[in-house]
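Enquirer:
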């Protein structure tokens with residue numbers, strides 16, 4: 026009854042657009058990644074150099090540093106977002122007057138453009154008229170200046186990301202929590218399970234697919250963060266994440282061949298990480314069907 | 701089970717205390733932006749003051765009467781709305797195909813679709829620039845600096861997300877409903893119109909909303925693949941940060957204006973967002 030040909034036909038517009046605007050540029054980057062090519066140099070342009078770019082990358086301290094920073098950024102930001110998002114969602118499953126107002130307020134940051142998020146936070150932390158450095162200095166005698174202290178810049182980026190993306194986690198968690206059937210929870214309570222036990226043995230397993238999917242999406246987006254962090258710190262120390270490092274290699278330095286190979290490695294690492302999560306998610310789904 | 705009055709009061713106190721605290725944290729940055737947008741250049745310096753001293757609307761007036769801003773705003777509305785509609789339509793068809801037909805390598809295609817969202821954007825700008833200026837051309841016309849170019853390009857990161865979201869929703873609709881409709885003589889379009897679309901409505905709505913927001917917020921591609929005609933609002937925002945000094949007041953005013961359309965959409969569609977975001981991961 027269902028002819029696969031119809032299926033392919035339905036899929037084809039999507040495939041054509043993604044092949045043209047996603048896969049074709051990827052092939053180009055793949056090709057350039059194996060070449061020495063400084064776009065504006067007077068030399069003869071593209072020179073094939075095999076794996077040289079990748080060999081260089083392994084010993085490039087700046088690149089390794091950026092991977093470390095990105096990993097710290099992603100782990101701390103996503104970790105906090107999951108915990109906060111879960112707590113907020115849990116609170117939102119209760120009924121109380123004003124609930125929908127609070128839900129709307131807590132969705133707002135998600136809607137702010139990353140570039141505007143960067144601008145807002147820069148306004149908060151800018152030396153001179155930003156309130157954050159002023160009050161930190163005044164109340165806690167803490168010298169705060171993201172341009173000079175890499176750690177502060179990293180933490181500010183993390184907090185900014187948490188502010189911006191926790192709403193997304195809250196929404197997905199809320200959707201996941203409201204889809205959990207009531208009976209197992211009630212049953213567990215009747216059987217004398219403590220609150221923590223209910224959470225650990227009933228809520229969490231039900232929530233696992235939503236949780237993993239959310240982490241998947243957040244990892245995917247956190248690794249490629251550029252706009253907001255760039256706007257916040259202008260690529261200063263402590264915020265040179267991989268996305269920004271690629272930007273610096275490709276644009277100010279116009280070292281396009283090398284920039285491409287860094288992109289490929291980053292993309293590869295992201296895909297491996299996400300593939301593992303994907304297996305975890307879909308494996309679980311198949312298990313439920315069986 | 702009876703709860704004493706004191707316990708109930710305590711519970712109320714904790715609940716609202718929690719919400720008021722998180723609301724302040726959430727709104728403080730936006731409030732600060734609003735305060736900055738209401739100040740002149742001179743007033744910004746000196747001791748930071750978190751309260752609104754007066755309504756100074758000149759920043760807003762300057763931004764709103766700027767013809768560049770009006771063009772950016774129009775472009776953003778056209779691009780994100782068209783993109784969201786296109787993404788909803790294509791994602792619905794694609795997801796239906798992935799969910800209902802036995803296609804060779806279905807899971808791999810699905811994962812490949814998602815990987816399109818993972819590419820770090822900086823290195824992909826050059827091939828896209830070449831494609832936009834040289835590959836796609838008809839006489840003098842190129843994709844570069846056109847709305848249609850951005851609309852198609854934004855599919856690259858919106859379609860994977862949309863398909864991912866809809867996959868669970870459509871998988872959750874029992875295939876027997878499709879079959880019943882087909883026995884009643886419905887064709888493919890009939891099934892989509894009378895079975896899939898009504899049942900997947902919350903999912904489709906949230907797909908459209910989030911695609912719209914992602915397209916509205918995109919900066920890097922818009923900044924590098926447009927020059928004058930098709931510039932969007934986010935590129936306009938970044939233009940305020942210049943070497944000679946940033947006009948923070950106007951930047952903040954413009955950020956506020958950029959936020960308003962997405963905020964309205966979210967408030968109107970609040971209910972659907974939660975109903976549609978389950979990723980179908982939990983079966984009822």
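Residue numbers (this note's numbering), protein chains in the order written: chain A, 26 to 315; chain B, 701 to 984.
Positions of the beta carbon are idealized from the N, C-alpha and C atoms, including for glycine.
Going by C-alpha distance, which of 238(A), 86(A) and 60(A) is nearest residue 74(A)?
Expert: Along the first chain, read from residue 1 onward, the residue named residue 74(A) stands at position 49. Residue 60(A) is the option with its Cα nearest to residue 74(A).
Enquirer: Quick one: what's residue 61(A) bridged to in DSSP?
Expert: As a working mapping, residue 61(A) is identified with position 36 in the first chain. In the DSSP output, where bridge partners are listed per residue, residue 61(A) has 72(A).
Enquirer: Can you name the residues of chain A whose CB is closer than 9 Å to the CB of residue 756(B)?
Expert: Translated into positions along the second chain, residue 756(B) becomes position 56. Those do not exist, as residue 756(B) stays about 15 Å from chain A at its closest Cβ, beyond 9 Å.
Enquirer: Could one say the Cβ of residue 264(A) lies closer than 8 Å to chain B's Cβ atoms, at least one of them?
Expert: Along the first chain, one-based indexing puts residue 264(A) at 239. No, because no Cβ of chain B sits closer than 8 Å to the Cβ of residue 264(A).
Enquirer: If the criterion is Cβ atoms closer than 8 Å, does the pair residue 284(A) and residue 275(A) meet it?
Expert: Translated into the one-based positions of the first chain, residue 284(A) becomes position 259. Translated into the one-based positions of the first chain, residue 275(A) becomes position 250. Yes. Within cutoff.
Enquirer: Using a Cβ cut-off of 8 Å, which residues of the segment 824 to 847 of chain B contact any Cβ in chain A, in chain order?
Expert: 824, 825, 826, 827, 828, 830 and 831
Enquirer: Note the first and the last residue of the continuous alpha helix (DSSP H) segment covering residue 902(B).
Expert: To locate residue 902(B), count along the second chain from 1; it is residue 202. First-last of the alpha helix (DSSP H) with residue 902(B): 901 to 917.
Enquirer: What first and last residue would you give for the alpha helix (DSSP H) that runs through residue 894(B)?
Expert: Residue 894(B) sits at position 194 when you count from the first residue of the second chain. Neither: residue 894(B) is in no alpha helix (DSSP H) and is coded neither H nor E.
Enquirer: Could you name the residues of the segment 29 to 42 of chain A whose beta carbon sits closer than 7 Å to any beta carbon of chain B, in the order they occur along the chain?
Expert: 29, 31, 32, 33, 35, 36, 38, 39 and 42
Enquirer: In whole angstroms, what is the alpha-carbon distance linking residue 844(B) and residue 46(A)?
Expert: Working through the second chain from its first residue, we reach residue 844(B) at position 144. Working through the first chain from its first residue, we reach residue 46(A) at position 21. If you take the alpha carbons of residue 844(B) and residue 46(A), they lie about 13 Å apart.
Enquirer: Examine chain B for any beta-carbon lying closer than 8 Å to the beta-carbon of residue 118(A), and answer yes or no.
Expert: Here the question's residue 118(A) lines up with position 93 in the first chain. Residue 118(A) does not count as touching chain B.
Enquirer: Run through DSSP, which three-state label would residue 837(B) get?
Expert: The residue you call residue 837(B) lines up with position 137 of the second chain. Taken through DSSP and simplified to helix, strand or coil, residue 837(B) comes out as strand.
Enquirer: Taking 8 Å as the threshold (beta carbon to beta carbon), is residue 316(A) in contact with chain B?
Expert: Lying outside 26 to 315, the shown extent of chain A, residue 316(A) is not represented and no answer is given.
Enquirer: Between residue 153(A) and chain B, is any beta-carbon pair separated by less than 8 Å?
Expert: Position 128 of the first chain, counted from the start, is the residue given in the question as residue 153(A). For residue 153(A), the answer is yes, since a Cβ of chain B falls inside 8 Å of its Cβ.
Enquirer: Report back the beta-carbon spacing between residue 907(B) and residue 918(B) to the nearest angstrom; my notes put them in contact at under 8 Å.
Expert: Position 207 of the second chain, counted from the start, is the residue given in the question as residue 907(B). Position 218 of the second chain, counted from the start, is the residue given in the question as residue 918(B). Residue 918(B) and residue 907(B) do not touch by the CB rule: their CB atoms are close to 17 Å apart, not below 8 Å.
Enquirer: Mind checking the segment 709 to 721 of chain B against chain A and listing, in chain order, the residues whose C-beta falls within less than 7 Å of any C-beta there?
Expert: Within the segment 709 to 721 of chain B, the residues whose Cβ lies closer than 7 Å to some Cβ of chain A are 715, 718 and 719, listed in chain order.
Enquirer: Decide if the segment 127 to 134 of chain A is in contact with the segment 244 to 256 of chain A; the criterion is three or more beta carbon pairs, one per stretch, under 8 Å apart.
Expert: no
Enquirer: So that I know if they touch, is there some Cβ in chain B lying closer than 8 Å to that of residue 305(A)?
Expert: Counting from 1 along the first chain, the entry for residue 305(A) is found at position 280. Not one chain B Cβ lies under 8 Å of residue 305(A).
Enquirer: Just mark residue 928(B) as buried or exposed, buried being the case when its beta carbon has 16 or more other beta carbons within 10 Å.
Expert: On the second chain, position 228 is the one that residue 928(B) refers to. Label assigned to residue 928(B): exposed.
Enquirer: With distance defined between alpha-carbon atoms, name the residue in 947(B), 729(B) and 799(B) nearest to residue 186(A).
Expert: For this step, residue 186(A) is matched to residue 161 along the first chain. Here the closest residue by C-alpha is 729(B).
Enquirer: Run through DSSP, which three-state label would residue 716(B) get?
Expert: Numbered from its first residue, the second chain carries residue 716(B) at position 16. Helix.
Enquirer: Apply the 10 Å Cβ neighbour rule to residue 867(B) and answer buried if 16 or more other Cβ atoms are within range, or exposed otherwise.
Expert: Taking the second chain and counting its residues from 1, one reaches residue 867(B) at position 167. Flag for residue 867(B) reads buried.
Enquirer: Do residue 752(B) and residue 735(B) come within 8 Å of each other at the CB atom, strictly closer than that value?
Expert: Translated into the one-based positions of the second chain, residue 735(B) becomes position 35. Translated into the one-based positions of the second chain, residue 752(B) becomes position 52. The answer is yes: Cβ separation under 8 Å.
Enquirer: Output the distance between the C-alpha atoms of residue 959(B) and residue 965(B), rounded to the nearest integer angstrom.
Expert: Taking the first residue of the second chain as position 1, residue 959(B) is located at position 259. Taking the first residue of the second chain as position 1, residue 965(B) is located at position 265. Approximately 10 Å, taken between the alpha carbons.
Enquirer: Please report the distance separating the alpha-carbon of residue 88(A) from that of residue 53(A).
Expert: What you label residue 88(A) is simply residue 63 of the first chain in a count that begins at 1. What you label residue 53(A) is simply residue 28 of the first chain in a count that begins at 1. Between residue 88(A) and residue 53(A), the C-alpha separation is close to 22 Å.
Enquirer: List the endpoints of the continuous alpha helix (DSSP H) containing residue 164(A).
Expert: Here the question's residue 164(A) lines up with position 139 in the first chain. That run of the alpha helix (DSSP H) goes 156 to 165.
Enquirer: Taking the alpha-carbon positions, what's the residue 91(A) to residue 239(A) distance?
Expert: What you label residue 91(A) is simply residue 66 of the first chain in a count that begins at 1. What you label residue 239(A) is simply residue 214 of the first chain in a count that begins at 1. Answer to the nearest angstrom: the Cα atoms are 24 Å apart.
Enquirer: Could you check the C-alpha separation between residue 173(A) and residue 783(B) for me, to the nearest Å?
Expert: Residue 173(A) sits at position 148 when you count from the first residue of the first chain. Residue 783(B) sits at position 83 when you count from the first residue of the second chain. C-alpha separation (whole angstroms): 41 Å.
Enquirer: Hey, residue 302(A) and residue 237(A) are a contact pair by Cβ (cut 8 Å); roughly how many whole angstroms apart?
Expert: Translated into the one-based positions of the first chain, residue 302(A) becomes position 277. Translated into the one-based positions of the first chain, residue 237(A) becomes position 212. Their Cβ separation, rounded to whole angstroms, is 6 Å, which keeps residue 302(A) and residue 237(A) in contact under 8 Å.
Enquirer: So, under 8 Å CB-CB, residue 259(A) and residue 179(A) are touching, yes? Tell me the CB distance rounded to an integer number of Å.
Expert: Position 234 of the first chain, counting from 1, holds the residue named residue 259(A). Position 154 of the first chain, counting from 1, holds the residue named residue 179(A). The pair is not a contact, with the Cβ atoms about 14 Å apart (cut-off 8 Å).
Enquirer: Just checking, does the segment 898 to 916 of chain B make contact with the segment 775 to 782 of chain B on the three C-beta pairs under 8 Å criterion?
Expert: In short, these stretches touch, since the Cβ pair count reaches three.
Enquirer: What residue does the alpha helix (DSSP H) around residue 207(A) start on, and which one ends it?
Expert: The residue you call residue 207(A) lines up with position 182 of the first chain. Its alpha helix (DSSP H) spans residues 207 to 215.
Enquirer: Mark residue 808(B) as exposed unless 16 or more other C-beta atoms lie within 10 angstroms of its C-beta, in which case mark it buried.
Expert: As a first step, residue 808(B) is located in the second chain; it is residue number 108 there, counting from the start. Looking at its Cβ environment, which holds fewer than 16 other Cβ atoms inside 10 Å, residue 808(B) is exposed.
Enquirer: Tell me, which residues are paired with residue 280(A) by DSSP?
Expert: Taking the first residue of the first chain as position 1, residue 280(A) is located at position 255. Note: residue 280(A) sits in a beta bridge opposite 63(A).
Enquirer: Using a 10 Å radius around the Cβ and a threshold of 16 neighbouring Cβ atoms, would you call residue 140(A) buried or exposed?
Expert: What you label residue 140(A) is simply residue 115 of the first chain in a count that begins at 1. Buried.
Enquirer: Report the start-end ranges of each alpha helix (DSSP H) in the segment 758 to 832 of chain B that is 4 residues or longer and not cut off at the edges.
Expert: 758 to 765, 767 to 800, 806 to 815 and 821 to 830
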